[in-house]
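Have a look at the structure below, then the notes.
Residue numbers (this note's numbering), protein chains in the order written: chain A, 11 to 699; chain B, 64 to 691.
Shown next as structure tokens:
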């Protein structure tokens, strides 16, 4: 493990113009540290900020200069404190000089590692590069950067620069920004460096690689254009899903005094005869069976081994074809990348010639691949050109797997033109759709493309690590809400929506949606429920009905809370006595239901229904003496509404007199009679804020 | 909302609900083959595959034999019966003359195919004369009508099952275009009429009757003589019938072993276009990798099926535990616990629906923006009327403006950004090639994309790139090696086909393992054609120069030498070191475990055994090698 450890310096610009995005930087940097804690806990990290009032670094002591660069954390093995350091970056007061910071970072790496861990030393610079760097004592700025870059290359350091552009581009700074861009680009010419520019805070979260995975080739060998003409290539994975961490199952059986308890759970499989469950068959006595008609044909693994299809390891060209023959939706899996053997100049040229010719002619190549010797299947796929825009990066190909004849299901669908006239859009509707498709634009000219996969982080992972950190401090911490920056991924950008309000309203006006009258009430779920009649009456009616439903439906054994009749479902579930789990299941289900209703509301249309559910939940919690469940939930719901701009629901609840469960109602409650309303009293000043 | 604890940890792909949809078979088909066994079928021959003359009867029987072998894999739930008519013997429930229903033990006349049935049908010809015998059943002087009887038997067989849930078909194979030819006068008319009536009755019961005629070499099968009325052909259809029938015969023989799936939606989702404006979509899995079928574990002694039972055991105490409610992650040397509810809450970053975020030009959808097979979406008005209209409008706009929609799909397994790419319908003579709708493409997150291009960037100067001339040569090559009509599904998966063939061979006790034709191999012959060979050579020379091969060899050898030299030195070293130890004694005294892994490796390297594995594995390998 330690063999692959990385030494990383985070250089963060905390100057005044950076303050607005520092929260995001804190988030992404702590995520980086957290992932290191989970996946590579021997890595070492140092943190340097620049643009601070103070100065604190070795170089200033040794040679002077390098002002406003502060070493927050000398290089050390990642630990919990580092996460805290990252979450409390100081706010600087002066424009920082990123070149000074880079030199300080290099100096730290050199002093710490000298010649060791070559290629595993990395500097990560986050800045907006809005301020000019100081002129060097001798030579030009460019010369200075060249010298630094060469030094870096000599020590086997990499540098990643993330330049945050923000939306506010000041004309006055244009020349400086250009100069800085030029200076930073020198790094990528001279060393292993990558510079990305991002405009939105969401892309900032995605721009920093939070987990280092050393790439491994899945194939090294010949790309055979024919039996006589071969090109040496290496194949890597280009995309591969970063999975949600696999959590271990927890066992609480070990006594609490046992300090060395692993708390792990082993899973044991036993194979039993279907006809005689008491008979256990040892695993080696099993044999695989495959269906053939109604029978199962046993095939021993030896037999299977002997007759298995075993092609030779090779990658062969089948031919070229027009790019339009391969539709995008036929891509089957994650993507591979073919690069020429980096040490083989001729191969690089051959790949380059093919890629460029393919791009020019709009052709793709079809390949047959067997990546490893002993592989029992072949892969047919399409090679598409990836012509590099950068002089020092070689051309390459992307490779996507295509389906076989057996993988395609030929389902027939009605042709749109054959559908009745009533579902054909008229010209007005078509125009509204055209406008919507044009105007709801995520890649406007002159601006950064929003939600580019390359810069869009996975909100679930971010949230998991955030919660993990919270739990490490308070084991009972609630799941944190999705923060606003990440919401730009899961929900439309309010800015885009408000800019295009006219277009959207027009679209909404042109099309008419109604629920299908032929459907039974119970299956309706998509359209908002319009509750008729006065709201109060509805609740009373429900209460009256629900009490006898408890007895009647409990025989049916309700197991989930449905969409059509949540209240009776809940009451049936909570009163089931065949297992103690039902109470918690019912409460859990009802909570989710309330969230669903509130979250999916449009201008408050689902609030009454949510209230019904909430009333029922409260009553259930009083009966079952589970006041905490309800009280915590109400707090949680309240916070949730505040975060999601749904404070109108809180007001609605306050107006309908929903209170916490008090001590008089349930013994376990910690809420005194007078405090029952405390939540919403507090709500008023908060929501006006 | 009921949360299944496992649900949270499951991938969308191995969702049991999905499996259910995937494994479900197409609605079943009940099929009766009526094979004419009259002497004429045996007498008349036609040139077979290897230029030998084969009887029509042989052609018909071998075609059915081949077809049922495919059918048992493609549609195992179909029920089949095979009847011969114009036979000497009779075997049918109605006890009608001249009709023989072929069957094997433990099987109803019309039933699922079984290995035994297929196996015995394969050799039906050998014993045909002895057991069944051929005899033309329509002769003057007797009132017997074997064709009429055959229809009657077939119809009676097909009485099973309702017409709603099953397709019922009769497939008639014959070379006699005028079955009543040797009958004269009123009897002929009468026989033709009753036979026609019998056929019509069957058709009224929802049974379709199809004819596969076999033509004599110099005399075409004349459909209009008798069968046109019977199967309801007229006008254009009649003219088209013969050529199409020939094609069908070929198709039946060549059919690919491919599991058939019934069209059904994976799930119904809401597509939220703007707040308060949601339409209803159905998703379908049109493209999914086909696995070689589910494995049923059997007891190798009894061949009876087994079931797996899972139990959870506490690693510390060895106690049996129920499905544990909590999971944990080691973080900062502590165990951080999560409940299933918390984990599902973490994953609930959005409601379960599909939410429109905006549109982008198609050029923004890069080739590497892919993770999984796409999912097809099609609108539905079942619950929300007007969905289809909105969908069509957006679909047209997106195609016209060359844009795709970006949306967030909040599925519980993996909430993810998706691209919706509109696909226009493509139809050709054979039917619909591409259905109209949108394909949902699962986009990667930045964490899922690896930066490989930069990995080997050149730091000392520019990367070499191709010259105009080299690109020209590559272009010329591309024009030569052009797969003009390439379509993605033209290849059968050789691994899957060979698996099916193996299962079939074992099920039918076939003597030799079948050879599978691997269609995916490049066309070596085509590549060697002078035009292509020349283009290849020119491109090769322009890139590699005239005498590249040697250089290539040298560099390759240089590398290999270094590696192999190292290995050689290591093994020689091991040989020497290995001699220092008295291995048999160590083994006998059980002292092997006292040696280090390094020391143990001397032995395995010296004896050319695999060096991988843990210490225990090494020791056991050494012991096995010494024969202990």
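Using N, Cα and C, we set each Cβ at its ideal position, and we do this for glycine too.
Considering residue i, what are the terminal residues of the alpha helix (DSSP H) in which it resides?
i                      : result
residue 651 of chain A : 637 to 653
residue 51 of chain A  : Segment: none, residue 51 of chain A is in no alpha helix (DSSP H) and carries neither H nor E.
residue 204 of chain A : From DSSP, residue 204 of chain A is part of no alpha helix (DSSP H) but of the beta strand (DSSP E) over 202 to 208.
residue 578 of chain A : 576 to 584
Check whether chain B comes within 8 Å of residue i, counting only Cβ atoms and requiring the distance to be less than that.
i                      : result
residue 221 of chain A : yes
residue 281 of chain A : yes
residue 29 of chain A  : no
residue 440 of chain A : yes
residue 468 of chain A : yes
residue 341 of chain A : yes
residue 360 of chain A : yes
residue 295 of chain A : yes
Output yes if chain A places a C-beta closer than 8 Å to the C-beta of residue i; else output no.
i                      : result
residue 414 of chain B : yes
residue 237 of chain B : no
residue 580 of chain B : no
residue 96 of chain B  : no
residue 601 of chain B : no
residue 594 of chain B : no
residue 664 of chain B : no
residue 525 of chain B : yes
Among the options, which residue has its Cα nearest to the Cα of residue i?
i                      : options                    : result
residue 160 of chain A : A/202, A/595, A/99, A/594  : A/202
residue 414 of chain A : B/334, B/560, B/579        : B/560
residue 520 of chain B : A/32, A/399, A/47          : A/399
residue 598 of chain A : A/642, A/674, A/287        : A/642
residue 468 of chain B : B/511, B/207, B/442, B/417 : B/417
residue 103 of chain A : A/652, A/199, A/74, A/26   : A/26
residue 477 of chain B : A/189, A/500, A/313        : A/500
residue 526 of chain B : B/144, B/350, B/517        : B/517
residue 270 of chain A : B/380, B/357, B/291, B/495 : B/380
residue 570 of chain B : A/72, A/29, A/33, A/309    : A/309
residue 258 of chain A : B/504, B/231, B/406, B/342 : B/406
residue 100 of chain B : B/392, B/196, B/180, B/130 : B/196
residue 281 of chain A : B/332, B/360, B/337        : B/360
residue 475 of chain A : B/165, B/254, B/286, B/392 : B/392
residue 166 of chain A : A/341, A/16, A/300, A/93   : A/16
So what's residue i in DSSP terms, helix, strand or just coil?
i                      : result
residue 346 of chain A : strand
residue 526 of chain B : coil
residue 553 of chain A : Bear in mind that a pLDDT of 36 at residue 553 of chain A, under 50, signals an unreliable position, so the model cannot answer this.
residue 39 of chain A  : helix
residue 687 of chain B : helix
residue 104 of chain A : coil
residue 21 of chain A  : strand
residue 411 of chain B : coil
residue 470 of chain B : strand
residue 311 of chain A : helix
residue 617 of chain A : helix
residue 400 of chain B : strand
Would you kindly report the start and end of the unbroken beta strand (DSSP E) that includes residue i?
i                      : result
residue 289 of chain B : Neither: residue 289 of chain B is in no beta strand (DSSP E) and is coded neither H nor E.
residue 391 of chain B : 389 to 394
**Message:** Please give me, in chain order, every unbroken run of the alpha helix (DSSP H) with length at least 4 that falls completely inside the region 542 to 599 of chain B.
**Reply:** 557 to 570, 587 to 590
**Message:** Quick check for students: name the residue ranges of the alpha helix (DSSP H) that lie wholly in the region 401 to 466 of chain A, counting only runs of 4 or more.
**Reply:** 437 to 449
**Message:** Ignoring anything shorter than 4 residues, give me the alpha helix (DSSP H) runs that lie fully in the region 283 to 341 of chain A, in order along the chain.
**Reply:** 311 to 317
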